[in-house]
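Protein chains: 2
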Amino acid sequence: MSQKRERQQVVRELVGTRTVGSQEELRQLLAERGWEVTQSTLSRDMHDLRVARVPTPGGVRYTTADTSAAAENRATLASLVPQLFQRLDFVRELIVVKTVVAGAQPISEAIDSEGSPDVLGTIAGENTILIICRSDAARERVAKRLLALARK
Amino acid sequence: MSQKRERQQVVRELVGTRTVGSQEELRQLLAERGWEVTQSTLSRDMHDLRVARVPTPGGVRYTTADTSAAAENRATLASLVPQLFQRLDFVRELIVVKTVVAGAQPISEAIDSEGSPDVLGTIAGENTILIICRSDAARERVAKRLLALARK
DNA sequence: TTATACAATGCATAATATTGCATTCGAATT
DNA sequence: AATTCGAATGCAATATTATGCATTGTATAA
Numbered sequence: 289m290s291q292k293r294e295r296q297q298v299v300r301e302l303v304g305t306r307t308v309g310s311q312e313e314l315r316q317l318l319a320e321r322g323w324e325v326t327q328s329t330l331s332r333d334m335h336d337l338r339v340a341r342v343p344t345p346g347g348v349r350y351t352t353a354d355t356s357a358a359a360e361n362r363a364t365l366a367s368l369v370p371q372l373f374q375r376l377d378f379v380r381e382l383i384v385v386k387t388v389v390a391g392a393q394p395i396s397e398a399i400d401s402e403g404s405p406d407v408l409g410t411i412a413g414e415n416t417i418l419i420i421c422r423s424d425a426a427r428e429r430v431a432k433r434l435l436a437l438a439r440k
Numbered sequence: 289m290s291q292k293r294e295r296q297q298v299v300r301e302l303v304g305t306r307t308v309g310s311q312e313e314l315r316q317l318l319a320e321r322g323w324e325v326t327q328s329t330l331s332r333d334m335h336d337l338r339v340a341r342v343p344t345p346g347g348v349r350y351t352t353a354d355t356s357a358a359a360e361n362r363a364t365l366a367s368l369v370p371q372l373f374q375r376l377d378f379v380r381e382l383i384v385v386k387t388v389v390a391g392a393q394p395i396s397e398a399i400d401s402e403g404s405p406d407v408l409g410t411i412a413g414e415n416t417i418l419i420i421c422r423s424d425a426a427r428e429r430v431a432k433r434l435l436a437l438a439r440k
């Protein structure tokens with residue numbers, strides 16, 4: 289039953305992308321995407337993912353909370369990325385990775401420590417990493433890899 | 289009726305200090321301190337104060353600091369740039385902004401929080417910001433905007 | 001002071017979220 | 001393939017939060 293992981297990843301994305309106002313609403317969004325689960329399950333997912341419910345001027349909405357679990361030890365990209373990764377974008381041979389607050393440093397270190405020939409180097413801010421790749425092709429490989437890791 | 293302001297201030301403190309797990313619990317804490325209100329009122333207070341409800345391993349709890357609220361409270365570029373900006377230079381889709389000491393972080397955050405499609409991300413040092421733009425055209429727009437703000 | 005307007009609040013109830021329990025699903029083992 | 005065990009899930013009941021409406025409190029102007 290590793291449907292769960294996948295589903296929770298989708299939940300992450302939806303919550304990060306759309307304006308989700310209730311678990312029932314989220315259930316429908318998931319249903320449209322082929323994930324048929326009950327609101328109960330989503331309640332549990334929200335808990336697992338630490339998705340916070342915050343009141344806004346225009347009603348309530350969910351938002352992914354700051355995973356202060358950033359205080360992790362040296363870990364592999366595979367273990368870090370699913371936790372801290374938020375999204376990614378690129379131009380030419382540059383990749384900009386967005387992470388949860390305090391997530392940039394650990395991921396950046398993990399990338400560096402792999403010593404990939406595709407990567408010239410990385411620079412990490414608080415929640416943003418700049419990865420300088422050797423070429424467009426290299427950039428494509430790296431980006432693809434990160435996205436794959438994030439989806440697991 | 290400026291009881292409200294005072295009470296909300298106390299709510300802020302309590303939520304920041306103690307581990308509050310429900311509005312009912314908060315109501316009791318307030319009662320102990322002489323503030324007799326109903327849960328209804330607290331629901332409204334929570335909304336006003338944008339207090340988020342986040343799930344934790346040991347159950348739910350309330351907390352004030354959260355990214356989206358923080359983003360809304362953040363200063364605008366327009367207010368920051370005239371104060372902190374010094375100069376700017378660029379190459380291809382990169383912009384390097386020089387600021388007064390300690391000025392990089394706030395400006396960088398302000399840029400990020402605007403969520404412009406022109407900007408892939410920013411990385412801030414102490415007095416230098418690297419802005420990665422989506423394209424040359426995007427870089428031109430962003431640079432022009434910053435310069436315009438700086439001139440005001 | 002009295003009238004007026006509107007913010008603040010309580011009450012009752014609707015809307016949402018959580019959870020105990022039974023059941024189902026999967027992976028591993030024999 | 002059958003057995004077993006724990007994770008995952010649905011269902012239904014419970015708990016928590018939000019809100020429409022009526023009422024009360026407060027400031028302001030006449």
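Chains A and B are the protein sequences, given in the same order. Using our numbering, you'd call the opening residue of the first sequence number 289 and step up by one each time. Using our numbering, you'd call the opening residue of the second sequence number 289 and step up by one each time. Glycine included, each C-beta is placed from N, C-alpha and C at the ideal position.
Range of the contiguous beta strand (DSSP E) that encloses residue i
i, result
"R349 of chain B", "G347 to T351"
"V388 of chain A", "No beta strand (DSSP E) contains V388 of chain A, which DSSP labels as neither H nor E."
"T416 of chain B", "T416 to C421"
"V325 of chain A", "Unbroken run through V325 of chain A: none, as it is neither H nor E."
"R306 of chain B", "From DSSP, R306 of chain B is part of no beta strand (DSSP E); its letter is neither H nor E."
First through last residue of the alpha helix (DSSP H) which encompasses residue i
i, result
"R338 of chain B", "Looking at the DSSP string, R338 of chain B is not in any alpha helix (DSSP H), and its letter there is neither H nor E."
"T410 of chain B", "Looking at the DSSP string, T410 of chain B is not in any alpha helix (DSSP H); the run it does join, the beta strand (DSSP E), is V407 to A412."
"V430 of chain B", "D424 to R439"
"S367 of chain B", "L365 to L372"
Anticipated Cβ contact below 8 angstroms, residue i with residue j, distance rounded
i, j, result
"V388 of chain B", "L372 of chain B", "5 angstroms"
"L437 of chain B", "A366 of chain B", "6 angstroms"
"Q311 of chain B", "L330 of chain B", "5 angstroms"
"I417 of chain B", "S396 of chain B", "5 angstroms"
"I420 of chain A", "L408 of chain A", "4 angstroms"
"D333 of chain A", "R295 of chain A", "7 angstroms"
"T352 of chain A", "V303 of chain A", "6 angstroms"
"G309 of chain A", "V348 of chain A", "6 angstroms"
"V369 of chain A", "L317 of chain A", "Wrong, their Cβ atoms sit about 24 angstroms apart, outside the cutoff."
"E381 of chain A", "A426 of chain A", "7 angstroms"
"G391 of chain A", "I411 of chain B", "G391 of chain A to I411 of chain B, Cβ: 14 angstroms. No contact."
"V379 of chain A", "R422 of chain B", "6 angstroms"
Interface partners of residue i on chain A, CB under 8 angstroms
i, result
"L434 of chain B", "Simply none; closest approach about 18 angstroms."
Chain A contact for residue i (CB, 8 angstroms cutoff)
i, result
"R315 of chain B", "no"
"R295 of chain B", "no"
"A412 of chain B", "yes"
"R341 of chain B", "yes"
"N361 of chain B", "Because N361 of chain B carries a pLDDT of 45, less than 50, the predicted location of this residue cannot be relied on, and no value is offered for it."
"Q291 of chain B", "no"
"A431 of chain B", "no"
Under 8 angstroms by beta carbon: chain B residues contacting residue i
i, result
"K386 of chain A", "G409"
Contact with chain B by residue i, beta-carbon distance below 8 angstroms
i, result
"A358 of chain A", "Model confidence at A358 of chain A stands at a pLDDT of 30, short of 50, so the residue's coordinates are unreliable; what they give is reported in the following sentence. Not closer than 8 angstroms to any Cβ of chain B, the Cβ of A358 of chain A fails to qualify, so no."
"R338 of chain A", "yes"
"R300 of chain A", "no"
"D406 of chain A", "no"
"V325 of chain A", "no"
"R306 of chain A", "no"
Partners in chain A for residue i, counting only beta-carbon separations shorter than 9 angstroms
i, result
"A398 of chain B", "The premise fails here: A398 of chain B is roughly 14 angstroms from chain A at the closest Cβ pair, so nothing lies under 9 angstroms."
"E381 of chain B", "V379, R380 and L382"
Using Cβ-Cβ distances below 9 angstroms, what residues of the region 414–429 of chain A are close to chain B?
-> E414, N415, T416, I417 and L418
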